[in-house]
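Asker: So that we are looking at the same thing, I have put the structure below in structure tokens.
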Amino acid sequence: MGLIKIQSFSFLFTILILSSSSLPHRHRHNRRHHRRNSQLIPTIFHPPLIPSNVNGEWVLLHESIGVSAMHMQLLYNNKVIIFDRTDFGASNLSLPQGKCRFDDEVLDVDCSAHSVLYDILSNTYRPLMVQTDVWCSSGALNSDGTLIQTGGYHAGDRKIRLFSPCDGDVDCDWTELPQNLTVQRWYASDHILPDGRVIIVGGRKAFSYEFFPKTMDDNGGVFHLPFLVETTDPMEENNLYPFLYILPNGNLYIFSNQRSIVLDYVNHNVLREFPMIPGEKRSYPATGSSVMLPLRLRQGQELVVEVMICGGAWGGAYVKALEGEFWRGSSSCGRMTLTDPDPKWVMEEMPSGRVMPDMLLLPTGDVLILNGAANGAAGWENAIDPVLNPVLYRPDEPDPRRRFTVLTPTTIARMYHSSAILLPDGRILVGGSNPHATYNFTGVKYPTELSLEAFSPPYLATQYAHLRPLNQAVDVGQVLSYGQQFSITFTLPFPQPDAEFMVSMIPPSFTTHSFGMNQRLLFLEIVGVERLFMFGYRVIVFAPPTRNIAPPGYYMVFVVHQGVPGHSVWVKIQ
Ligand SMILES: *[C@@H]1O[C@H](CO)[C@@H](O)[C@H](O)[C@H]1NC(C)=O
Ligand SMILES: *[C@@H]1O[C@H](CO)[C@@H](O)[C@H](O)[C@H]1NC(C)=O
Ligand SMILES: *[C@@H]1O[C@H](CO)[C@@H](O)[C@H](O)[C@H]1NC(C)=O
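Taken in order, the sequence shown gives residues -22 to -1, 1 to 552; the numbers are from mature numbering (1 follows the signal peptide of the UniProt record, and there is no 0).
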């Protein structure tokens, strides 16, 4: 493969644009990896600093989509499944003519929708029909991109439901499987495994894990996990919706309450336990959020694995909230490098306290923290003072005081039962919030939210448009093999004399209750960058080497140029 050094064109207009004061300041410090063939091959670069006048933008997509977005899952056909619970009465959206559920717990016959399919491109939605209660459930995409959704409440608490992406006129909808989960799962977390199965961990009074689909050696289908008993606090639990990450060695990291372990789910052994995170509780209803920071893939180098957790509430906050006393949410974040010989939590302070935050990995490797409340705990009527400002966190910024940037606030409270996901174009889809047992639009301080918003992070600001990669395409079609070399072509609006690129790969997460299940970001190893013509480039990368690093399925691939991502392309790795 002949690699061409990127030439330094010095067109006058290019110079003018690049030297304008609006250019994001570029950082080159703190690069963890030295550059191989440093003259030829741009590799990992720090995202740009955000000038204070570019703090992101909110757009109201819909005042009402008829249901409150408690759960959201993006599919590879650029549609988003959104669903709420079913057991509180009618929603504000009717099911198509002739469709009703006939054994509803409140209405007997309920002809309203509790789920919608949102189409990103056309900004439209249509009603879907869930058959049983999906309240506080969990999910993961399988390797074909089908949503495997598990559990819920009452008649739904052992259900396994599927939703397969479909296009055109096909009226695809939810299906329920005849087989059930072995135990009821309400407030559990799911993760796709390297072998393509899904693991379902925990849930209320479910101190165990199980798999879908089941295999012969499944031991009756369920495996006890004492860790989940040990992390249950009396009166308030504080251990639901555990944070799960598949580690590069294939084992499962599980965080619950303030503790975390590595589980070998094949041999059913807890391999190790990490130190407790200091301070507040982090799991439902003392809800914080978490991400695994980006994995930077490099052949022949050990991966650094670092987990980050932000927000939450003190033990006791939930019980106090039930009495109408709202304690301050946690303002602390902890980072722990799991691959260190002696892992320890390193604590930092967010600009403000937050219970029920959502944490999302952006294509740049930065972390967006949004939604949630300043005081209280998760649960109905349990929180006050919504935090309207998202916060951008730059994990690689060496000076901790400069890692957080407060961004443009929304005007809509997104507290309990809200959600947020990354879209293929780099925006964040934000919806939901219903801190009440029913839909209450009047006479309450924080009305039920049926609206849908999009937040454009600073990198989408028009002043960076000259840096944005366009027309991304993958040269190998859509399907990748592990370790394969492939390339992505794209154009830049102007020739860039000193082009710097990163390539990130992100699977769509299942988001509910402040946690993006299956969320991870892989910075692919760049082999080289070719300039094809004045505006055209090709970046050559290695696909992730193993199923442990990238469980099989669909991913968004973003080319990031000087901290500005283009519109991603979908790839399927298998
Ligand atoms: C939902 O429907 C109720 C009852 O018809 C109505 O009062 C309310 O304004 C609607 N809310 C939204 C956000 O559409
Ligand atoms: C699954 O559970 C339902 C009750 O919700 C039951 O009717 C059905 O028989 C179960 N399926 C199997 C395969 O056991
Ligand atoms: C919400 O509306 C329901 C039904 O109208 C009502 O019974 C309930 O008290 C309301 N909840 C609050 C918190 O006002």
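Cβ coordinates follow ideal geometry from the N, Cα and C atoms, glycine included.
Which residue from Phe433, Val176 and Tyr219 puts its Cα closest to that of Thr490?
Answerer: Within the sequence shown, numbered from 1, the residue matching residue 490 stands at position 512. Cα-wise, what sits closest to Thr490 is Tyr219.
Asker: In the structure shown, what three-state DSSP assignment does Ala443 receive?
Answerer: Taking the first residue of the sequence shown as 1, we reach residue 443 at position 465. Correct three-state label for Ala443: helix.
Asker: Starting from Glu208 and walking both ways along the alpha helix (DSSP H), at which residues does that stretch end?
Answerer: Translated into positions along the sequence shown, residue 208 becomes position 230. Glu208 -> alpha helix (DSSP H) spans Pro204 to Glu208.
Asker: Measuring alpha carbon to alpha carbon, tell me which of Pro172, Leu445 and Ile287 ends up nearest Gln474.
Answerer: For the purposes of this step, residue 474 is identified with residue 496 of the sequence shown, where counting begins at 1. For Gln474, the nearest C-alpha among the options comes from Leu445.
Asker: Counting pairs of Cβ atoms below 8 Å between the region 52 to 66 and the region 121 to 140, do you hit three or more?
Answerer: In short, these stretches touch, since the Cβ pair count reaches three.
Asker: Comparing the CB of Phe189 with every heavy atom of ligand 1, is any distance shorter than 7 Å?
Answerer: Start at 1 with the first residue of the sequence shown, and residue 189 comes out as number 211. It does not: the Cβ of Phe189 is nowhere closer than 7 Å to a heavy atom of ligand 1.
Asker: Could you check if Asp195 is buried or exposed, using at least 16 other CB atoms within 10 Å of its CB as the buried criterion?
Answerer: Sequence index remark: in the sequence shown, residue 195 carries index 217 (1-based). With fewer than 16 Cβ atoms within 10 Å of its Cβ, Asp195 is classed as exposed.
Asker: Output the distance between the C-alpha atoms of Asn33 and Thr383, rounded to the nearest integer angstrom.
Answerer: The residue you call residue 33 lines up with position 55 of the sequence shown. The residue you call residue 383 lines up with position 405 of the sequence shown. Going by the C-alpha atoms only, they are around 8 Å apart.
Asker: DSSP has Ile177 in a bridge; who is on the other side?
Answerer: Within the sequence shown, residue 177 is the residue found at index 199, counting from 1. According to DSSP, Ile177 bridges with His169 and Phe189.
Asker: Distance, Cα to Cα, Ala356 vs Pro529?
Answerer: The residue labelled residue 356 in the question sits at position 378 within the sequence shown. The residue labelled residue 529 in the question sits at position 551 within the sequence shown. Cα to Cα, Ala356 sits roughly 31 Å from Pro529.
Asker: Which residue marks the beginning of the alpha helix (DSSP H) containing Lys298, and which one marks its end?
Answerer: Numbered from 1 along the sequence shown, position 320 holds the residue referred to as residue 298. Element bounds for Lys298: Ala295 to Leu300.
Asker: Secondary structure at Arg104, three-state DSSP: helix, strand or coil?
Answerer: Mapped onto the sequence shown, residue 104 falls at position 126. The answer is strand: DSSP assigns Arg104 an E or B state.
Asker: Going by C-alpha distance, which of Thr110, Trp164 and Lys77 is nearest Asp65?
Answerer: Within the sequence shown, residue 65 is the residue found at index 87, counting from 1. Residue Thr110 is the option with its Cα nearest to Asp65.
Asker: With C-beta atoms as the reference, is Glu288 less than 8 Å away from Ser267?
Answerer: Mapped onto the sequence shown, residue 288 falls at position 310. Mapped onto the sequence shown, residue 267 falls at position 289. Note that residue 288 is Cys in the sequence shown, not Glu. Yes, Cβ-Cβ distance for Cys288 and Ser267 is below 8 Å.
Asker: With distance defined between alpha-carbon atoms, name the residue in Asp86, Leu119 and Val45 nearest to Leu106.
Answerer: For this step, residue 106 is matched to residue 128 along the sequence shown. Nearest of Asp86, Leu119 and Val45 to Leu106, Cα basis: Val45.
Asker: Measure the Cβ-Cβ separation of Ala118 and Ile60 and say whether it is below 8 Å.
Answerer: Position 140 of the sequence shown, counting from 1, holds the residue named residue 118. Position 82 of the sequence shown, counting from 1, holds the residue named residue 60. Cβ distance not < 8 Å, so Ala118 and Ile60 don't count as in contact.
Asker: Inspect the beta-carbon positions of Gly76 and Val112 and report whether they are closer than 8 Å.
Answerer: Within the sequence shown, the letter at position 98 stands for residue 76. Within the sequence shown, the letter at position 134 stands for residue 112. Taking 8 Å as the Cβ cut-off, Gly76 and Val112 do not qualify as a contacting pair.
Asker: Do you know offhand how far Asn353's Cα is from Ile551's?
Answerer: The sequence position of residue 353 within the sequence shown is 375, counting from 1. The sequence position of residue 551 within the sequence shown is 573, counting from 1. Each residue's alpha carbon lies about 42 Å from the other.
Asker: Going by the beta-carbon positions, is the gap between Asn229 and Leu206 smaller than 8 Å?
Answerer: Along the sequence shown, read from residue 1 onward, the residue named residue 229 stands at position 251. Along the sequence shown, read from residue 1 onward, the residue named residue 206 stands at position 228. Contact: no.
Asker: Met270 to Val87, Cα distance in whole Å?
Answerer: Stepping through the sequence shown from its first residue, residue 270 is reached at position 292. Stepping through the sequence shown from its first residue, residue 87 is reached at position 109. Going from the Cα of Met270 to the Cα of Val87 covers about 43 Å.
Asker: Taking DSSP as the reference, what is the three-state secondary structure of Leu401?
Answerer: Translated into positions along the sequence shown, residue 401 becomes position 423. Three-state DSSP puts Leu401 in coil, outside helix and strand.
Asker: Do Pro212 and Trp323 come within 8 Å of each other at the CB atom, strictly closer than that value?
Answerer: Here residue 323 is taken as the residue at index 345 of the sequence shown, counted from 1. Here residue 212 is taken as the residue at index 234 of the sequence shown, counted from 1. Their beta carbons are not under 8 Å apart, which means Trp323 does not touch Pro212 by this criterion.
Asker: Relative to the C-alpha of Ala91, which residue among Gly130, Trp152 and Thr193 is closest?
Answerer: Residue 91 sits at position 113 when you count from the first residue of the sequence shown. The option with the nearest alpha carbon to Ala91 is Trp152.
Asker: Determine contact between the region 230 to 241 and the region 506 to 513, defined as no fewer than three beta-carbon pairs at a distance below 8 Å.
Answerer: In short, these stretches do not touch, since the Cβ pair count stays below three.
Asker: If we count Cβ pairs, one from each stretch, closer than 8 Å, do we get three or more for the region 367 to 386 versus the region 323 to 342?
Answerer: Yes, the region 367 to 386 touches the region 323 to 342.
Asker: Can you find a C-beta in chain D that's less than 8 Å from the C-beta of Thr489?
Answerer: Absent from the structure is chain D; it holds one protein chain and no more.
Asker: Identify whether Tyr394 lies in helix, strand or coil by the three-state DSSP scheme.
Answerer: Numbered from its first residue, the sequence shown carries residue 394 at position 416. Reduced to three states, the DSSP call for Tyr394 is coil.
Asker: Provide the residue span of the beta strand (DSSP E) that contains Phe433, from first to last.
Answerer: For the purposes of this step, residue 433 is taken as the residue at position 455 of the sequence shown. Residues Leu430 to Ser434.
Asker: Can you have a look at Lys137 and say buried or exposed, based on whether 16 or more other CB atoms are within 10 angstroms of its CB?
Answerer: The count along the sequence shown starts at 1 and reaches residue 137 at position 159. By the 10 Å Cβ count, Lys137 comes out buried.
Asker: Taking all protein chains shown into account, do 16 or more other C-beta atoms lie within 10 angstroms of the C-beta of Ser421, making it buried, or fewer, making it exposed?
Answerer: The sequence position of residue 421 within the sequence shown is 443, counting from 1. It is worth fixing the name first, because residue 421 is Gly in this sequence and not Ser. Exposed, since its Cβ has fewer than 16 Cβ neighbours within 10 Å.
Asker: Throw me the rounded Cβ distance for the Trp358 and Pro413 pair, which I believe falls under 8 Å.
Answerer: Translated into positions along the sequence shown, residue 358 becomes position 380. Translated into positions along the sequence shown, residue 413 becomes position 435. Indeed, because the Cβ distance is near 6 Å, the residues count as touching under 8 Å.
Asker: Just checking my contact of Leu407 with Leu430 at CB under 8 Å: how many whole Å lie between their CB atoms?
Answerer: Taking the sequence shown and counting its residues from 1, the one referred to as residue 407 is at position 429. Taking the sequence shown and counting its residues from 1, the one referred to as residue 430 is at position 452. At roughly 7 Å, the Cβ-Cβ gap stays under 8 Å, so Leu407 and Leu430 are in contact.
Asker: Return helix, strand or coil for Ala355, following the three-state DSSP convention.
Answerer: In the sequence shown, counting from the first residue as 1, residue 355 sits at position 377. Reduced to three states, the DSSP call for Ala355 is coil.
Asker: Among the residues of its own chain, which have a CB less than 6 Å from the CB of Thr209, if the five just before and after it don't count?
Answerer: The sequence position of residue 209 within the sequence shown is 231, counting from 1. These residues qualify, in order along the chain: Asn217, Ser234, Asn235 and Arg237.
Asker: Between Phe433 and Pro368, is the Cβ-Cβ spacing less than 8 Å?
Answerer: For the purposes of this step, residue 433 is identified with residue 455 of the sequence shown, where counting begins at 1. For the purposes of this step, residue 368 is identified with residue 390 of the sequence shown, where counting begins at 1. Going by C-beta atoms, Phe433 is nearer than 8 Å to Pro368.
Asker: Please state whether DSSP places Ile19 in a helix, a strand or coil.
Answerer: Residue 19 sits at position 41 when you count from the first residue of the sequence shown. At Ile19, the pLDDT of 34 sits below 50, so the modelled position is not reliable; the number obtained from the coordinates is stated separately. It is coil, neither helix nor strand.
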